[in-house]
Structures are given as C-alpha cells and as structure tokens.
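This report refers to the structure that appears directly beneath it.
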Amino acid sequence: MGRLFTKSGFQQRVVTNILLVGMVSVAFGLLSVYFFGRAALEKTIGDTYAKLAEVTATNLEKEIGRHAEEARVLSLANVIVQVVAESNISYEGLPTKEVERQLRTVEERWSQQQGVDAYLHAVLTNSATEYLKRFDNHDADHTGHMVIMAVDAHGAVVAATRRPDHYDFSASAWWRTTMASGNTFFSDIERSEAENTYTFSVAYPIRNRDRVIGVLYMRHDAPSLFRVVTDVKVAQTAHTMLVSSDGLILFCPVLPIKSHNLAPHLQTLVLKESSGWVASVEDVHYPGRLAINGFSPVTFTFGSGTENFGGKQWYVVTSQDPGEAFAPIYDLLKWVALTGLLGAIIIAVMGSIVARRIIQPIRVLQDGVERIAAGNLDHTIRVDTKDEIADLATAFNQMGEKLKASYSGLEAKIAERTRELETKNRELYALYTIVSTINRAAPTPAGYTDALTKIMVTLRIDAISLSILSGDNRTARYGAPKELAATALRALDTLDKSLIDSGETSPLIIEDLRGNPRYNLLERDLGHLGVTCVPVMGKARQVGMLHLLNREPRLYTSTERTLIQSIANQLGTSIDALNASKNPA
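Under my numbering, read the sequence shown as residues 7 to 591, first letter to last.
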C-alpha cells in the first residue's frame, strides 16, 4: 500500500506541476496580450484617427474653398457687375445722409413687408437674379446654399435667389469687412433665428476695373455643409467634430451645434498646430473612460484675416466609444483564456496518463535523453514495455529527429540572416559614403556633382538631377551625367511645379510614365520611363528637389525608399548650410 501510495503521489505531483505550469503560462499570456496588445491597438487606432482628422481637415478646407471659388466666379459675371454698377449709379450725386435715409426708409418697409413690392420685384426679377438662380439650380454640388445675393456699394441688395430678410446690409459685418478690405470674408457658424438653423457665410468683393463696387454673398446651411465633411466613420460610433480654438464644439454629428465644450485639459492635448492622437479620460462623449482622440488643425490657405471664422482657429477632433475601440483586445483576451484553460486541462490529462508508466523504464529513458542532450541526435531509445512509455520513447526519438531537422533549418536561417545583415551593412556603407562626400565636398558644385554620381551608382539609376530652390525660384541645378537635354529639364520643371503646387512633401514615385495618365505626355521629352521626384526639406521649408531617372520602369524596394529619403534629408542639411554661408546672420 505504501508503495502504491508513493506511486500515486508521484503521479499527482507530476499532474499538479504540469497543470500549475499551464495556468502560469495562461496568466502570463493574458497579461502580455492585455498590456502589449492594448498598447499596439491604441497606437493603431490613434494613427488611424490622426489620419482621419487630417483627411477631414483637408476636405473641410477644400469644401470651403470650393464655395469661395463659386463666389469668386459669380462676382466676375458681367450681368452681376452690370446690375451692381447700375444700382450704384442711381445714388450718384446724393449726399451720404440722403442715401442713408432712403436705405433706412426702404429697410423699415421691407422688414415690415409693407410697400416694398416694387423693390422686391426689381430684386427678384432682374437679369442678375435670373443668373444666380440658374447657377443655383444647375450646380450639382450646391447643397447647403440658403441664399445667394449681390449687394451694391451702399449695402442695398440688388439680386437674390430668394427674398432676403433685409434690404439694407450696410450694418452687416460681412459687407463692411469685404468692402473695406477687398478680400474674401468667412463667417463663424452663426445662429439664424429667422431660419431656425445655424448658418455659415462667404462674401466676395465684386469689382469693376479693380475697384470694389459691391459684395457677392452666399449663406449656407451649416449642418448640411459640415455634415458632408465631418460625417465620416471608420467604425460604428466613431465620428469627427469641428472645434474652435476656445474649445467650443462648432459642429458634431451627435451633439447640437455649439452646445458643448472640450474639457480644458483635453483642449491642451488636441488643439495643436500639428496632427496626432492622445489617449485621455476626458472625451466629450465618454468622460471618465480612457478614449482615443485624433486631432488635426484646419489650415486655410485663403481668408487668413483675423476677422474670418469668428477670429478663431478651427480644428478637427475625433471621438469613439472606448468599448467599441477596445472590443478586439477584450475578445482576444477571452479566447486566449479559454484556449489556455483547455490546453492546461489537456496537458494535465496527458500528464496523468504518462505518469502511470514512467517509473519502471526511467533509467532507459534517462540514458537515452542524456545521449540526445549530449548531441547524439542519431541515438534511438528502445523501450519494449508495449505501453505509453514505449510511445514516450518513440516521442523522444521523434524529438531527436525534429531537433536534427531544426538544427539544419537553423543553420539555413543563420546563413540567411547573415546575408541580410551583409546587405544592410552594404547599404549603410553606401549611405555613409554618400553622406561623407556631401559633408566633405559640398556645398560646392564639384561636391554636389561627386555626391550625385555616388548616389547614381549606389541606386543603379541612369540619371540624377538636383535643383536648389530659393522661395519659388531655382538657384542652381546639378546632374549626373553632367548634362540633361533641355526638353528633359523642362519636363522635370513641370513635375516640380505639380509637386510644389500640391503642397506635398512626400516623394512622387512614378514607376512607369506610360501607365500614368497625368504625366505620360512627358515621356517623349524626358526620355526616361521611371521617374522619382523627392522634395529636399530644410529645417523650415523646401530647399531643393532631387530627381532619380531610369530609362526603363523602376520599382524601388522599401529599403531603397528609406535610403533615398535619408539621402534627401542629408542634402537638405547641406543646402541649409550653403544658404547660411551665403546669408550670414
């Protein structure tokens, strides 16, 4: 009985220890999945929402710019200019007070809708009004136009797509600002009690021979206008919000307009001049729970006056329910836990079976294991018990075979990694050689030519060109081979202008000009099919443009692209040094 108890106790200890190891492994796996998986998921979601905020900000700028362009086009129409000019002529010779009196009289009757039939008829039936109505009816993208009207130099409306609320707009901020500055005016998001909605307005000066004679005004339904841009979702609860620099939420697909503010601490995190993402517990929709917010400033390249957009900077901020954002990690934890528990149970059962037969042939197994551990992977363990121990011996033999195969595979992997390391070393050496050449010889013409030659040889390209820029002008150009055809240089200038006008700082990589409908016409002049244009950025701005040319189509690897970007960065530093030497402080 004592011997049987000893055997049973040993078996129990084996099973218990196996189960304990399994549970510890499961716990460690759960912790690893939670902490490392959560961090990786946060970064993935954050990067996604930072990009979403950037795209939304860009789309918002384009949408507002489109309406500004509509106003500009309408202001140039001859019929608009003519009607506004005729209205201004009707006031010529009258004292200012008399003009104000007439406008005030009509405005009082207009606002009371009494005795203004003649004025209203004149406004709503003239040729300029018909022109504005035709534009509004035929513009497929005019969603959100509430009214379009033209106002003369005295503030009186002369044409409108519908009956305006007022006749005299001389007291309106948009009229005064546009007439005084001669620039485009963009309003804040404003509440219109008469129309029971929020509006956004654009005003553009109407000119006649470079003289401002009136204002073309567009008022848009803010919810319709901004929902088109901000109602973009990458998940069920994810959405973007438009926020002003004082933290007021100007527009949100979920909340009423201008009804909520970002928390002060969240404002300091997201209202920045560059895009990014943060994780905080101060999300406006889900306070108290860790949420991820992407953000990006709306950078308008037009209408930069301090009176525009309510005198505030606009930002795009994203929001999402944390429960939805982190649902994948919680699902993964559940499945890891269930799988780990099942694995631990399976291990315990198998351990119990093996432990029953493990004592008698232990010496044979021990000897065989020692031989295998010593490196004799060809040794075969022979056990004739005809039970589970024999299977275990067979398993050890299979293990030896697999170890032998694994060692062979490991040697192959080591050789492969060694080749990869040698490749990396060659690339680093090439980059070091190029950088050394730039630092040693540049900034001089011979230095740049030597550096470009080394770049051409390293990247195995057919031609290379470097243009050094100052503002919008090119101050110098270097190439290898030394001379490129004039037609090729003009083609490169065309590519440079397209890239600079787009404001893009990433490389323009055209693998095959023939397959690019935008640039395929440059094939004949350029004489090369593979073209890469890399903006060379200094500390504060673009200082040059690097061109890599291949006669045949060329697809760069990710490693080559990284090398190209590193070279461009070093050239930017060199050109900054050249500019500093020419213009010492």
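Virtual Cβ for every residue (Gly too), placed ideally from N, Cα, C.
Fair warning: this is a prediction, and the values are worked out from it, not measured in the lab.
Exposure of residue i, with buried meaning 16 or more beta-carbon neighbours within 10 Å
i    : result
Y336 : exposed
F42  : exposed
S133 : exposed
M356 : exposed
I4   : Any question about residue 4 goes unanswered here, given that the chain covers just 7 to 591.
A63  : buried
Y435 : exposed
I420 : exposed
I352 : exposed
V89  : buried
G99  : exposed
L577 : buried
L554 : buried
T324 : buried
V27  : exposed
Nearest-angstrom Cα separation, counted from residue j out to residue i
i    : j    : result
T184 : A162 : 14 Å
G521 : M29  : 58 Å
L4   : L254 : Since the first residue shown for the chain is 7 and the last is 591, residue 4 is missing from the structure and cannot be characterised.
L231 : S207 : 11 Å
A128 : V164 : 8 Å
M155 : P101 : 26 Å
L272 : K340 : 32 Å
L58  : E566 : 28 Å
Q242 : N314 : 34 Å
S193 : I86  : 23 Å
V61  : Q118 : 46 Å
G349 : F34  : 14 Å
L277 : V463 : 46 Å
S176 : R182 : 7 Å
V322 : F141 : 31 Å
A457 : I581 : 13 Å
P328 : L416 : 43 Å
E113 : L126 : 11 Å
R524 : I470 : 22 Å
I51  : A45  : 10 Å
A486 : T459 : 6 Å
A396 : L344 : 32 Å
DSSP three-state assignment for residue i, whether helix, strand or coil
i    : result
Q88  : helix
F332 : coil
L344 : helix
V463 : helix
H385 : coil
Q548 : strand
N132 : coil
H148 : For H148, the predicted model reports a pLDDT of 49, less than 50, meaning its position is unreliable; a value from the coordinates is still stated below. In the structure shown, H148 sits in coil (DSSP, three-state: anything other than H, G, I, E or B).
S193 : coil
S572 : helix
V105 : helix
F257 : strand
G161 : coil
Y204 : strand
Residue from the options whose Cα sits closest to the Cα of residue i
i    : options                   : result
R466 : I516, G294, S250 and R560 : R560
G509 : A333, R215, W181 and T307 : T307
F191 : D158, S178 and N202       : S178
S249 : T243, Y454, I195 and E199 : This sequence places Val at residue 249; Ser is not what is there. The residue with the shortest Cα to Cα distance from V249 is I195.
P513 : R107, R483, P293 and Q548 : Q548
Y137 : E113, A77, N189 and E98   : A77
G188 : I581, V218 and L475       : V218
Y292 : V157, L505, V260 and I474 : V260
Y97  : I461, A83, A159 and K68   : A159
A583 : A74, Y525 and T450        : T450
A494 : L527, I506, E67 and D507  : L527
M543 : A380, S476, L37 and Y204  : S476
G453 : R483, E428 and K430       : R483
D174 : E201, C258 and R107       : R107
I573 : I461, S473, K545 and D507 : I461
G550 : S587, S473, L505 and D502 : S473
S38  : L338, E75 and Y413        : L338
A209 : E75, S442 and E394        : E75
K68  : A166, T305, I440 and T22  : T305
Any non-hydrogen atom of the ligand ZN within 6 Å of residue i CB
i    : result
V218 : This structure does not include the ligand ZN; it has no bound ligands of any sort.
Cβ pair count under 8 Å reaching 3, the region 217–229 against the region 281–295: no
The region 525–537 in contact with the region 421–430 per 3-pair CB rule at 8 Å: no
Segment contact, 8 Å Cβ cut-off, at least three pairs: the region 536–551 with the region 490–506: yes
Any 3 or more C-beta pairs closer than 8 Å across the region 274–285 and the region 296–304: yes
Stretch-stretch touch, CB-based, cutoff 8 Å, three pairs: the region 250–266 with the region 312–330: yes
Segment contact, 8 Å Cβ cut-off, at least three pairs: the region 372–379 with the region 397–416: yes
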